[in-house]
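First residue of the sequence shown: 1, per UniProt numbering; consecutive thereafter. Using N, Cα and C, we set each Cβ at its ideal position, and we do this for glycine too. A short write-up of the structure that comes next.
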Amino acid sequence: MNYDQGQRVEDGVDAAIERSIAQLRSGRTEDALLGVRPLDSQQVGSPEKSTLIGLICLSAADYETALNWFNRSLSLDPANTQAWLHRGAALQQLGRAEALACYDEAHRLGLAEPALFYNRGNLLRAAGRLDEAIVSYDAALRLNPAYPEALRAGALVLRDLGYPQGAIEFLDEAVRLSPSFTEALIDRGDILQGLDRLDEAIACYDRALNNDPDNAAAWNNLGAALLTLGRYGEADKAFDAALRADPHSPQAWNNRGNLMLATQRPEAALSDYERALALRADYSEALIGRAGAQKQLGRLGEALAGLDNALALQPDSDHAKNNKAVLLLLRGEFARGWDFYESRWIISRTPKHALKLAVPEWEGQKLAGKSIIVFDEQGFGDTIQFVRFCLVLTELGANVTFFCRRRLHRLFKSLAPPLRLIDRLEPGDLGRGERFDFQIALCSLPRALKTRLHSIPTPIPYLFAEPALVQKWASRLGSHGLKVGICWRGSANLKADRGRAVPLALFERLIGAGRTGEGVRLISLQRPADLPPQDDLAALPWLEQMGADFDAGPDSFIDTAALMQSLDLIVSCDTSTAHLAGALGRPVTVLLQRIPDWRWLLDREDCPWYPSMRLVRQSRLGDWSEPMSRVAEALRNLAS
């Protein structure tokens with residue numbers, strides 16, 4: 001090739017590069033790519049021009065062609081740091097591990113650009129090398145403190161390393177620098193949601209949606225926060241918006257399934273979970289959710305099979321194990337059920353988990369002369385139900401310390417033999433005379449004791465009301481009429497099962513049950529301070545209240561326990577009041593959902609946990625009218 005020909009080729013290369021750059025700037029990506037694609041790398045003798053052509057291809061997402069041009073540049077100049085940097089970017093887009101070596105080589109040759117350390121950090125984070133990733137992001141930020149993308153990436157690493165507050169601070173700075181940085185706002189909302197700071201999380205999602213009204217992730221995560229708060233109508237609208245923005249989002253279908261399940265619509269939930277699984281067959285959370293819907297529909301065999309599929313995908317999933325435990329226990333399969341129940345999610349929130357005592361777990365070893373600390377967990381009803389196992393430990397010769405909420409201490413002082421009750425334990429206490437041979441969480445005791453259906457300890461009653469309080473409430477109650485205490489709702493906890501509550505108005509039909517005999521009186525067992533505004537008891541002349549001082553002090557259930565001694569019957573939904581009545585040995589009828597909590601088992605009217613208890617179950621999901629009619633009929637028999 002003579003000089004003139006060579007000059008014409010070079011001029012043609014220059015012109016093609018200039019045109020393609022101009023086209024890229026005007027958004028004509030495909031035209032830019034077409035402009036450089038005919039160029040022959042052997043006719044380009046400049047490493048800088050080869051790098052520039054590679055950058056055009058990289059910007060147009062033609063990563064293989066870009067890689068070829070960066071290779072050409074490096075063949076002409078092995079020390080071209082820009083070629084090493086951009087070669088790493090092309091390999092990173094292609095998912096090839098050599099990308100990291102390219103960034104390291106560029107750095108070794110003296111390149112110190114923020115983008116190098118940012119891209120390198122992304123690779124390290126994807127490889128799970130989080131400590132190295134944060135060092136790389138820090139290097140990028142030292143070179144350019146106003147780098148929102150690096151701040152966001154650093155925040156995600158801090159989150160994954162268990163430093164959520166540090167992550168929030170990084171994201172705050174990213175959003176300050178770039179107020180329209182939607183992804184950073186969503187990430188901030190997600191971290192806050194994980195910390196149960198739900199109102200703040202919702203504010204982040206709202207800001208993100210102001211920037212990008214069709215952002216499916218923001219709508220979906222907003223819906224999840226609203227669902228957790230029990231704002232079901234708003235959550236429904238948010239999930240609908242997420243699915244309009246992206247109908248192929250398995251997460252949005254799964255979350256809407258969770259909403260349907262929470263609002264007692266299992267058929268709709270099942271459909272949503274199936275949509276999620278059609279989009280992502282290995283979606284373990286959707287498999288677990290679908291099992292929950294199948295359980296509500298009574299399809300327990302299918303539910304168990306689905307949970308086994310979820311565990312095949314994620315053998316360490318505590319969520320799947322806990323759900324399987326509940327199904328096995330519901331079916332009375334205690335031998336396997338207790339083992340899986342060790343994965344109950346709530347255990348991470350107990351004092352046992354928080355204190356991290358260097359004390360061996362009790363797993364059935366001999367206890368004579370040994371000391372053991374038992375840790376309270378879950379709701380008040382669980383504690384009342386399972387505290388009986390502490391008495392078994394004392395029978396085995398153990399010195400038992402029960403770490404439980406102060407509000408229950410006065411009630412539990414009636415246990416015999418008495419337990420040592422505490423509600424505080426500092427790590428330093430173990431060095432100041434406090435000593436334990438073993439520790440265990442309360443609801444792990446049935447497993448350690450190898451409890452089966454036929455061996456549930458029932459030393460009923462094992463709780464007792466205070467005589468002075470029994471006299472006080474008996475005097476206030478009076479002796480006339482057939483006295484029926486009622487409880488229609490349980491915990492106001494947002495994560496509690498709302499389906500257990502029974503409409504208060506249905507209880508009125510129990511009044512008529514006494515017309516052929518002694519008049520029926522209905523007495524509220526709900527603590528006044530726990531009632532929501534919509535339960536306007538003043539408008540219900542047929543319901544008696546015991547006064548604003550009823551269980552209004554710092555000790556839970558002491559007045560309720562005393563009042564129950566003067567009642568002819570307690571009728572309760574599935575809540576702690578039912579457990580209290582059973583532990584006191586009082587006659588109690590419990591109204592249960594069609595598929596109830598595991599402890600009530602299936603298809604039986606008696607309760608192996610509480611001999612004085614009768615179980616009345618829904619025949620149809622969500623229909624409380626028919627079981628209430630059965631309670632009224634039984635009350636008529638009692639009245640006559």
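Rounded separation between residue i and residue j - CA only
{"i": "T516", "j": "R509", "result": "Legend: pLDDT at T516 = 45, less than 50; position of this residue unreliable, value from coordinates given subsequently. Cα to Cα, the separation comes out at about 14 Å."}
{"i": "L141", "j": "V44", "result": "36 Å"}
{"i": "R169", "j": "S629", "result": "It is Glu, not Arg, that sits at residue 169 in the sequence shown. Distance between the alpha carbons of E169 and S629: 58 Å."}
{"i": "G622", "j": "A174", "result": "48 Å"}
{"i": "A89", "j": "L58", "result": "8 Å"}
{"i": "S566", "j": "W473", "result": "8 Å"}
{"i": "L270", "j": "A208", "result": "30 Å"}
{"i": "R407", "j": "S612", "result": "25 Å"}
{"i": "S46", "j": "L74", "result": "10 Å"}
{"i": "Y163", "j": "A561", "result": "45 Å"}
{"i": "Y232", "j": "P360", "result": "44 Å"}
{"i": "D206", "j": "R275", "result": "27 Å"}
{"i": "A15", "j": "L116", "result": "29 Å"}
{"i": "R521", "j": "R299", "result": "40 Å"}
{"i": "H480", "j": "L277", "result": "60 Å"}
{"i": "A583", "j": "L615", "result": "15 Å"}
{"i": "R620", "j": "N119", "result": "57 Å"}
{"i": "N399", "j": "F389", "result": "13 Å"}
{"i": "M546", "j": "L525", "result": "8 Å"}
{"i": "P608", "j": "L453", "result": "7 Å"}
{"i": "V402", "j": "I372", "result": "Looking at the sequence itself, residue 402 is Phe, so the reference to Val does not match. When rounded, the distance between both Cα atoms is 9 Å."}
{"i": "P315", "j": "A99", "result": "32 Å"}
{"i": "K324", "j": "L192", "result": "29 Å"}
{"i": "A447", "j": "F340", "result": "Looking at the sequence shown, residue 447 is not Ala but Arg. Near 10 Å, if we compare the C-alpha coordinates of F340 and R447."}
{"i": "N637", "j": "Q385", "result": "29 Å"}
{"i": "L367", "j": "S640", "result": "51 Å"}
{"i": "Q365", "j": "E395", "result": "14 Å"}
{"i": "E434", "j": "L425", "result": "9 Å"}
{"i": "Y102", "j": "A133", "result": "Going by the sequence as given, residue 102 is Cys instead of Tyr. C102 and A133: Cα-Cα distance of roughly 16 Å."}
{"i": "P528", "j": "W488", "result": "13 Å"}
{"i": "L297", "j": "I288", "result": "14 Å"}
Limits of the alpha helix (DSSP H) - the one that residue i falls within
{"i": "N254", "result": "P250 to A262"}
{"i": "S576", "result": "S576 to L584"}
{"i": "R617", "result": "Per DSSP, R617 belongs to no alpha helix (DSSP H); it is in the beta strand (DSSP E), M613 to R617."}
{"i": "L171", "result": "P164 to L177"}
{"i": "S475", "result": "P467 to L477"}
{"i": "residue 660", "result": "In this structure the chain extends from 1 to 640, so residue 660 is not present and cannot be described."}
{"i": "M546", "result": "That residue, M546, is in no alpha helix (DSSP H); it is neither H nor E in DSSP."}
{"i": "G189", "result": "T182 to G194"}
{"i": "I456", "result": "It is not in any alpha helix (DSSP H) - I456 carries neither H nor E in the DSSP assignment."}
{"i": "L463", "result": "Careful: L463 lies outside any alpha helix (DSSP H) and carries neither H nor E."}
{"i": "D31", "result": "T29 to V36"}
{"i": "T560", "result": "I558 to M564"}
{"i": "E626", "result": "S625 to A639"}
{"i": "residue 650", "result": "One cannot answer for residue 650 here, as it falls past the ends of the chain, which runs 1 to 640."}
{"i": "Y341", "result": "F334 to Y341"}
{"i": "A150", "result": "P148 to D160"}
Those residues which DSSP pairs with residue i across a bridge
{"i": "K483", "result": "R521"}
{"i": "E361", "result": "Q439"}
{"i": "S444", "result": "Its beta-bridge partners do not exist; DSSP assigns none."}
{"i": "D382", "result": "According to DSSP, which records beta bridges pairwise, D382 is partnered with nothing at all."}
{"i": "T589", "result": "V571 and R614"}
{"i": "D606", "result": "R614"}
Limits of the unbroken beta strand (DSSP E) element including residue i
{"i": "V374", "result": "S371 to F375"}
TODO: Specify whether the region 448 to 457 and the region 547 to 563 touch according to this definition: at least 3 beta carbon pairs, one from each stretch, less than 8 Å apart.
DONE: No contact exists between the region 448 to 457 and the region 547 to 563.
- [ ] Entirely within the region 61 to 146 and at least 4 residues each: give me those alpha helix (DSSP H) ranges in chain order.
- [x] Counting only runs of 4 or more, we get 63 to 76, 81 to 93, 99 to 108, 114 to 126 and 130 to 143.
Task: Completely contained alpha helix (DSSP H) runs for the UniProt repeat "TPR" (216 to 249), where each covers 4 or more residues - done: The UniProt repeat "TPR" (216 to 249) contains these whole alpha helix (DSSP H) runs: 216 to 228 and 232 to 245.
Task: Sufficient close CB pairs (3 or more, under 8 Å) joining the region 528 to 544 to the region 460 to 475 - done: Short answer: they don't touch.
- [ ] Report the residue ranges of all beta strand (DSSP E) runs contained in full by the region 394 to 429; include only those spanning at least 3 residues, in chain order.
- [x] Taking only runs of at least 3 residues, the beta strand (DSSP E) segments lying wholly in the region 394 to 429 are 399 to 403 and 420 to 422.
TODO: Report yes or no: do three or more beta-carbon pairs, one from the region 90 to 108 and one from the region 47 to 64, lie closer than 8 Å?
DONE: With a cut-off of 8 Å, the region 47 to 64 and the region 90 to 108 count as touching, because enough Cβ pairs lie within range.
Open item on the list: Does the region 244 to 257 come into contact with the region 211 to 230, if we say contact requires no fewer than three beta-carbon pairs (one atom in each stretch) closer than 8 Å?
Closed with: Three or more beta-carbon pairs separated by less than 8 Å link the region 244 to 257 to the region 211 to 230, which places the two stretches in contact.
Open item on the list: With a threshold of 8 Å, are at least 3 pairs of Cβ atoms found where one atom belongs to the region 355 to 362 and the other to the region 331 to 345?
Closed with: Result no; under three Cβ-Cβ pairs closer than 8 Å.
- [ ] Evaluate the contact criterion for the region 366 to 385 versus the region 576 to 593: three or more CB pairs, one atom per stretch, below 8 Å.
- [x] Yes: at least three Cβ pairs fall under 8 Å.
Task: Length at least 4, wholly inside the region 297 to 326: the alpha helix (DSSP H) runs in chain order - done: Segments of the alpha helix (DSSP H) lying fully in the region 297 to 326: 300 to 313.
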